[in-house]
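Take a look at the structure set out below.
There are 2 protein chains.
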Amino acid sequence: MAAVDLTTHPGHLARRLQQAHYLLWNTMVSEEITSPQFAVLNALVAEPGVDQRTAGERVGLDRSTIAEVISRLGRRGLLDKVRDPQDGRRFLLRPTEEGLRVHRKLAVRTARMNQIFLAPLSADEQTVFFDLIRRVADAAEGLRNPAEPATAPN
Amino acid sequence: MAAVDLTTHPGHLARRLQQAHYLLWNTMVSEEITSPQFAVLNALVAEPGVDQRTAGERVGLDRSTIAEVISRLGRRGLLDKVRDPQDGRRFLLRPTEEGLRVHRKLAVRTARMNQIFLAPLSADEQTVFFDLIRRVADAAEGLRNPAEPATAPN
DNA sequence: CTGAAATACTCAGTGCCCTGATTAATCCGC
DNA sequence: GCGGATTAATCAGGGCACTGAGTATTTCAG
């Protein structure tokens, strides 16, 4: 009977939270475009012409995953992908007209969905909710990125 | 410039939180056994002899995912899977000796990891953190399970 | 200018997560 | 008892997420 109480495990809670969000997104926002796809599209709307790696960095996706997401957005005709004439390693990405249209439509629906999702919390609690999650996520991401250890070698 | 600020989107934050957790788990707990696998093993330690569907319900995994996770735990020799003699549709699951040993070892490491993960928050904030996430996740899960609409048909 | 290092992207492999369709077994009304 | 509904598990298929290895291009030291 050495079992552990998972409701006090942040990782388990994070997974459940994400699954719950996934389901709600599917019913309230889109069955075609996923939340990560929208995030990437949103990054391209904010910064048209970025390369793949940067786009991934903006939304927190690694090199492999961002490649897949971009390939799907490309197949749907939501973005253009052209070689950077200045640097033949890069692809420059920007939303198509259709991509902009889809982004606008989904932005509205996403806002509605977030309201429903966060309805159990008061306005103050929502602020705290964002703050706490952001702090934990930022700190954990920082653990993997030594963030330029300036001088001290050891 | 109609781009949206994703740092106020709970779904996006939930994904980043989960990714951060995944990385930390990999470095601090195990590269072999994943967090969902540990969750299932933990459920079997708590309730030896449950069937697959129930185990999935306990940890929040759907029928397809729980089948994959159980198959992996089986391959590693961490659980036994036998037909229920009472009901030939079910498989009864219980941890092996090795499964119990692995569970004990990982439970310790997981506790250590959770401390690191939550270190950016004070003790009070950690309590709030759990409470808020749990409330949002529970509510969203409730939206999909009409939870036995007793009498009212409409 | 040339070869080594760094960088952007791709590919192969593993695992998580969902839906819809299918199969096998049990349950239940008659 | 028998046939239809329900239930447990599987299978096929799509998408997200990571690592390690490989390719092409650019950069930079000498």
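Chains as they are written, first to last, in the working numbering: chain A, 5 to 158; chain B, 5 to 158.
Think of the CB as a built atom: it goes at the ideal place given N, C-alpha and C, for glycine as much as any other residue.
Predicted model, so just to flag it, every value in this text is computed and none were measured.
Given this structure, state the Cα-to-Cα distance separating residue i from residue j, to the nearest angstrom.
i, j, result
"B:E35", "B:E145", "30 Å"
"B:H25", "B:F121", "8 Å"
"A:F42", "B:G92", "45 Å"
"B:T129", "A:L136", "A small correction: the amino acid at residue 129 of chain B is Glu; Thr does not occupy that position in the sequence shown. Each residue's Cα considered, the two are about 8 Å apart."
"B:R116", "A:Q22", "23 Å"
"B:A127", "A:R94", "46 Å"
"B:L83", "A:F133", "38 Å"
"B:L27", "A:E101", "37 Å"
"B:V33", "A:H13", "13 Å"
"B:E72", "B:Q56", "11 Å"
"B:D9", "B:V86", "50 Å"
"A:A143", "B:I37", "24 Å"
"A:T31", "A:R80", "20 Å"
"A:A123", "B:T69", "29 Å"
"A:W29", "B:L104", "38 Å"
"B:L147", "B:S39", "26 Å"
Within its chain, find whatever has a CB closer than 8 Å to the CB of residue i; leave out the 5 residues flanking it on each side and keep chain order.
i, result
"B:V54", "A47, L48, R62, L96 and L97"
"A:Q119", "none"
"A:T58", "E51"
"B:L125", "F133"
Going by beta-carbon coordinates alone, are residue i and residue j separated by less than 8 Å?
i, j, result
"B:T131", "A:R138", "no"
"B:G78", "B:R67", "no"
"B:G15", "A:R20", "no"
"A:A141", "B:L17", "yes"
"A:I74", "A:V106", "no"
"A:A6", "B:R108", "yes"
"B:P99", "B:P52", "yes"
Ordered along the chain, which non-local residues of its own chain (more than five positions away) have a Cβ less than 7 Å from that of residue i?
i, result
"B:A156", "Residue placement at B:A156 is poorly supported in this model, since its pLDDT is 35, which falls under 50; the coordinates are not used for a value here."
"A:R76", "Q41"
task = With 7 Å as the limit, tell me which residues of the region 9-39 of chain A have their beta carbon closer than that to any beta carbon of chain B; keep them in chain order.
result = Only L10, T11, T12, H13, P14, G15, H16, L17, A18, R19, R20, L21, Q22, Q23, A24, H25, L27, L28, W29 and S39 from the region 9-39 of chain A bring a Cβ to less than 7 Å from some Cβ of chain B.
query = Where are the beta strand (DSSP E) runs, 3 residues long or more, that stay fully inside the region 104-133 of chain A, in chain order?
reply = none
request  = Report the residues of the region 80-92 of chain B with a CB closer than 7 Å to any CB of chain A, ordered along the chain.
outcome  = none
query = Which of the residues in the region 120-134 of chain B, read from start to end, lie with their CB under 9 Å from any CB of chain A?
reply = Within the region 120-134 of chain B, the qualifying residues are I120, F121, L122, A123, P124, L125, E129, Q130, V132, F133 and F134.
query = Going along the region 57-74 of chain A in order, which residues come within less than 8 Å of chain B, judged by CB to CB distance?
reply = V63 and G64
key: Proximal residues, the region 42-53 of chain B versus chain A, C-beta separation under 7 Å   = A43, N46, V49 and A50
message = To be precise: take each residue of the region 93-118 of chain B, compare its Cβ to all Cβ atoms of chain A, and keep it if any distance is under 9 Å. Which residues remain?
response = L104, H107, R108, A111, T114, A115, M117 and N118
task = Please go through the region 9-95 of chain B and give each complete alpha helix (DSSP H) segment of 4 or more residues, from N-terminal end onward.
result = 14-32, 39-50, 56-63 and 67-79
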